[in-house]
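A quick write-up on the structure given underneath.
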Amino acid sequence: MRVLPNPTLFGMRVSVLFGLYRRRLRDHTVTELLAGGGIAIGVALVFGVLVANGSIIGSVREDVRAVGGSADLELVARSPATFSARLADRIASLPGVERSASLLREYGVIVGPRGSERVQFVGLDPGLITLGGFATKNLGSGELLLARGVGLPSQLASAIGAETRRMVTLVVNGSSSRVRVRAVLNSGTIGPLASVPLVAALLPYAQAIAGTPGQVNQVLIKPRAGSERQVTAELRALAGNTLDVGPADNEVRLAETAAVPVNRSTSLFVAIAAMVGFLLALNAMLLTIPERRRAIADMRIQGFDVKQVLAIVVFQALVLGIVASCVGVVAGDLLARTLFHEVPSYLATAFPVTGNQTVHAGTVLVAFGCGLLAALLVSLSPIFDLRSDRPVDAVFHETGEPGQTLTHRTTVRAAALGAILIVLVSVCVLLDAALTVFGGVVLALAALCFIPLLFQATCRALKGFARRWHGGMVAVAAIEINGTATRSVALAGVAALAVYGVVAVGGARHDLLRGLDNAITEEWGSAPVWVTPDGNIFDADGFRVENPANPFAGAGTTVASVHIHQGGFLDLGTHRIWVRAVPANNSTMVLSSQLLKGDLASATARMREGGWATVSSGLAEEHHLHTGGRLLLPTPSGIAPLRVAAITTNTGWPSGTISVNTRDYSRYWLSTTPTAISLSLRPGVTPAAGRDLVKGLLKSQPSLRVQTSQERIAEVESSVRQGLRTLSEISTLLLVVAALALATALSTAIYQRRARLSSLKAQGFDRGQLWRCLLLESAIVLGIGCLDGVVMGVYAHALGDRYLRLDVGFPAPFSVGGAQVVLTLLLMLGIALAIIALPGYSAAGVSARASFQE
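The working numbering applies: residue 5 is where the sequence shown begins, and numbers increase by one.
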């Protein structure tokens with residue numbers, strides 16, 4: 005028969021355990037608080053970066069469902085084309101269609117009293133209400149659908165200072181219109197779309213503003229029950245070879261595919277940062293091991309048996325881990341909301357993405373589990389002292405401070421393990437670049453494995469230096485460091501992890517930015533003056549000019565030549581690719597800095613000839629393409645048979661990039677609409693003078709932007725940096741968190757050494773000598789950690805660059821980045837020594853009498 009536990013007895017045991025822990029807190033309050041603070045800092049870092057990585061595309065799925073409602077299918081134009089709304093009427097009359105609604109989507113810019121924002125301009129068919137989407141079901145009797153005007157989400161209206169019944173300027177297709185705001189829509193009306201940068205209007209009004217009367221580019225369809233296959237077949241017959249038929253939530257698939265390379269590139273750095281956070285928490289607890297070993301020895305001497313000791317140790321670890329992890333999750337949530345709230349602007353050029361963050365239960369559990377695991381692992385590590393063949397007071401008979409011994413056997417084994425881990429990572433990454441994320445985490449562990457070996461080598465070198473050069477202060481520092489080996493190794497580990505993370509993440513980010521900057525400079529440096537409709541860095545927005553044949557007539561004495569550029573986004577399977585159309589006489593038909601496979605001269609000649617294209621590496625691998633191979637590209641006019649002239653990077657667009665010449669683009673996309681105009685100037689004419697002249701020529705079209713190449717380059721580089729801000733913030737956060745972790749670790753070490761400092765005071769050392777000795781010891785220990793972190797960080801940085809190039813397709817040429825490494829080291833050492841200076845000076849003032857009271 006099973007005996008149930010006595011609840012009264014259980015409560016008494018818990019009460020006893022709490023009593024023992026309260027006694028420990030009373031005797032070791034500072035140590036426990038500092039250890040808990042270290043765990044909280046590590047958990048905050050883990051939680052913050054995990055939330056950031058999971059929030060890159062915001063709430064695209066919610067946004068699409070909020071509009072489409074019950075729709076299952078869509079007929080959509082191959083962007084950026086449109087098709088006749090009469091086709092939508094034919095779809096509505098199909099016998100298997102229960103409901104349908106048409107939409108017109110265009111990208112543009114809205115300008116209000118307090119600024120401007122890039123937006124998606126959406127024309128709504130009143131039939132959309134019948135689909136029951138949360139964002140549209142409440143608009144049936146609203147003012148938006150009853151009057152000529154637009155509706156703005158509340159977040160957008162607040163950003164530009166727009167108010168109901170006030171006028172704003174809307175720029176679409178290069179033409180500006182003054183429109184009245186008929187409604188400001190909050191989340192109660194349009195749900196998650198309240199934070200999406202879009203402008204909504206009734207379909208006919210939107211068509212008039214966009215200059216596309218009678219045109220739409222999407223039809224959402226709800227088939228009757230059991231008629232989905234029939235309707236799909238009928239839609240494909242209507243679509244022919246010029247339109248696409250797919251599921252109504254295809255936009256979600258496209259956005260998720262676009263986010264995959266971004267997620268994969270950031271996942272490496274997130275994994276490194278998360279592992280560093282966990283190990284920081286672990287190292288914060290490692291500093292308390294000597295004290296915990298002494299406490300266990302005291303309990304054994306007092307008569308506690310092994311089970312009782314284990315129960316006390318586990319209970320204390322659970323309490324500390326739970327409390328500290330809760331604090332860390334709250335702090336991490338604050339970090340995520342303040343640092344990682346921006347969505348990459350380059351994704352917003354093609355998708356209705358927002359910066360809304362979604363915190364999943366799994367993220368909380370992972371971060372919380374890291375803190376709890378760190379507390380348990382370290383708290384249980386002294387249980388080896390409970391072996392039956394080991395004297396209960398063995399820790400008090402070790403050399404140096406009790407619990408601080410670091411054996412040569414342990415050092416050699418740790419270094420051997422580190423070497424094995426490096427070899428394992430190198431082999432795995434060479435076999436499959438996708439394993440680099442795993443490798444980055446393992447290298448963080450390997451960095452810790454070499455600390456004991458470096459520590460012992462440094463101690464021997466310091467002793468030799470002191471004997472040869474009679475360095476009294478160095479000799480004392482060497483003795484003190486060696487006497488606190490466990491604590492010193494833990495401190496060096498904190499520094500190593502911090503430097504490792506900052507060098508690995510910061511170095512790869514720097515190389516990625518350098519690779520993208522090369523492409524930007526090459527692209528926009530090909531002409532001194534540029535005309536564009538807005539700030540879209542991918543030139544995907546077309547515009548009309550009043551005199552398409554020669555909009556710059558009369559500028560012959562200033563303008564030498566005019567080049568029309570085209571391009572836009574095209575849906576290819578699950579990819580929304582960027583099609584870059586360059587005039588045949590342009591010097592940058594193929595961007596040399598982005599070329600991966602193929603000959604530059606040959607590829608350029610073929611591109612100018614026509615019928616050839618360059619393809620980014622990700623698309624080439626997915627479609628099994630190679631130079632000279634054949635690419636069948638679906639376009640608004642049908643399938644375009646193109647040959648592959650070269651393989652390139654993705655040039656900054658994660659879903660992939662294809663470059664063609666403008667003759668092929670006009671032929672297959674059935675459009676001569678420019679997306680950018682570049683102008684070459686006569687000799688002696690400065691870019692600024694050319695810009696001012698062109699502005700005068702286009703004064704009747706104030707919505708068009710005229711910039712010098714340097715101005716355009718700076719704008720695009722700024723947008724790219726904003727898109728990679730998460731990596732920058734992770735790198736900065738690592739540095740800040742490391743400083744906080746070092747602050748808690750150093751404070752713990754100083755507090756634990758108060759008896760030893762008092763003993764040295766009794767031996768005749770004055771306050772200044774002790775303070776300088778503390779600073780020297782700290783500099784040596786942190787120097788060991790920083791050296792280890794730099795070496796391992798540079799290796800992880802090199803692997804990260806390789807991963808970005810081969811597995812993700814981004815341009816990331818490797819460079820050591822010596823200046824950045826030196827700056828990181830100076831910052832870490834400077835912050836650490838500044839942190840220890842004040843408490844170290846205070847601790848050095850301890851009374852000599854205190855040594856007799858311990």
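Just so it is clear, CB atoms sit at the ideal spot from N, CA and C, and this is done for glycine as well.
query: Classification of GLN306 by the beta-carbon crowding that lies within 10 angstroms, buried from 16 upward; result: exposed
query: Short Cβ contact (8 Å threshold) for ILE788 with LEU574; result: no
query: Status (buried if at least 16 other CB within 10 Å, exposed otherwise) for ARG103; result: buried
query: Inter-residue spacing [alpha-carbon to alpha-carbon] between GLY596 and VAL586; result: Looking at the sequence provided, one finds Ser at residue 596 rather than Gly. Cα to Cα, the separation comes out at about 14 Å.
query: Where ALA81 sits in the DSSP three-state scheme; result: strand
query: 8 Å CB neighbourhood of ALA802 in its chain, flanking five on each side removed; result: PHE818
query: For GLN124, the residue or residues it bridges with in DSSP; result: TYR111, LEU202
query: Cβ neighbours of ALA650 in the same chain (closer than 7 Å, five flanking residues each side left out); result: VAL594, LEU599, LYS601, GLY602, ALA607, THR618, THR631
query: C-alpha gap between PRO406 and VAL820, whole angstroms; result: For PRO406, the predicted structure reports a pLDDT of 48, less than 50, and the residue's modelled location is therefore unreliable. A value from the coordinates is still provided. If you take the alpha carbons of PRO406 and VAL820, they lie about 42 Å apart.
query: Simplified DSSP assignment, three categories, for VAL50; result: helix
query: PHE442: first and last residue of the uninterrupted beta strand (DSSP E) it sits in; result: Per DSSP, PHE442 belongs to no beta strand (DSSP E); it is in the alpha helix (DSSP H), 440–453.
query: Residues bridged to GLY155 [DSSP beta-bridge criterion]; result: ALA187, ALA204
query: Proximity of ILE643 and ASN254 at Cβ, strictly below 8 Å; result: no
query: Own chain, CB closer than 6 Å to SER621, minus 5 neighbours either side, in chain order; result: LEU600, ILE651, GLY813
query: CB-CB length for LEU646 against LEU635, believed under 8 Å; result: 5 Å
query: Every unbroken alpha helix (DSSP H) inside the stretch 578–655 [4 residues or more]; result: 604–613, 621–626
query: With 16 other Cβ atoms within 10 Å as the buried cut-off, status of SER145; result: Residue confidence for SER145 is low, a pLDDT of 48 falling below 50, so the modelled location carries little weight; the figure read from the coordinates is stated next. It is exposed - the Cβ of SER145 has fewer than 16 other Cβ atoms within 10 Å.
query: Nonlocal neighbours in the same chain, by C-beta distance under 6 Å from LEU674, ignoring five residues either side; result: PRO640, SER641
query: Rounded C-alpha distance that separates ARG170 from GLY694; result: 37 Å
query: Inter-stretch contact (C-beta, 8 Å, three-pair minimum) for the stretch 435–443 and the stretch 411–421; result: no
query: Sequence-distant residues of the same chain with beta carbon closer than 6 Å to GLY166, five excluded per side; result: Before going further, note that residue 166 is Ala rather than Gly in the sequence given. GLY116, LEU156, VAL172, VAL185.
query: Unbroken alpha helix (DSSP H) run spanning VAL427, endpoints; result: 412–435
query: Beta-carbon proximity of VAL446 to LEU466, cut-off 8 Å; result: no
query: GLN219 (DSSP reduced to helix, strand or coil); result: strand
query: Cutoff 7 Å; reference LEU728; Cβ partners in own chain excluding five residues on either side; result: ARG513, LEU516, LEU517
query: Simplified DSSP state of SER106, which is helix, strand or coil; result: strand
query: Cβ shell of GLN219 (< 8 Å), same chain only, five flanking positions each side left out; result: THR86, PHE87, SER88, ALA89, LEU108, GLN211
query: Buried versus exposed call for SER846 [16 or more other C-beta atoms within 10 Å across all chains shown]; result: exposed
query: C-beta contact flag for ASP668 and GLY633 at 8 Å; result: no
query: Cβ neighbour criterion (16 or more within 10 Å) applied to GLN767; result: exposed
query: Assigned exposure category for PRO537 - 16 Cβ within 10 Å defines buried; result: buried
query: Nearest-angstrom beta carbon gap, ILE717 and THR525 [assumed within contact, 8 Å]; result: 6 Å
query: Proximity winner among THR736, LEU258, PRO815, GLU121, relative to ARG82 (alpha-carbon distances); result: LEU258
query: Residue interval of the alpha helix (DSSP H) (run including LEU239); result: 232–243
query: Proximity below 8 Å, CB of VAL183 to CB of GLY230; result: no
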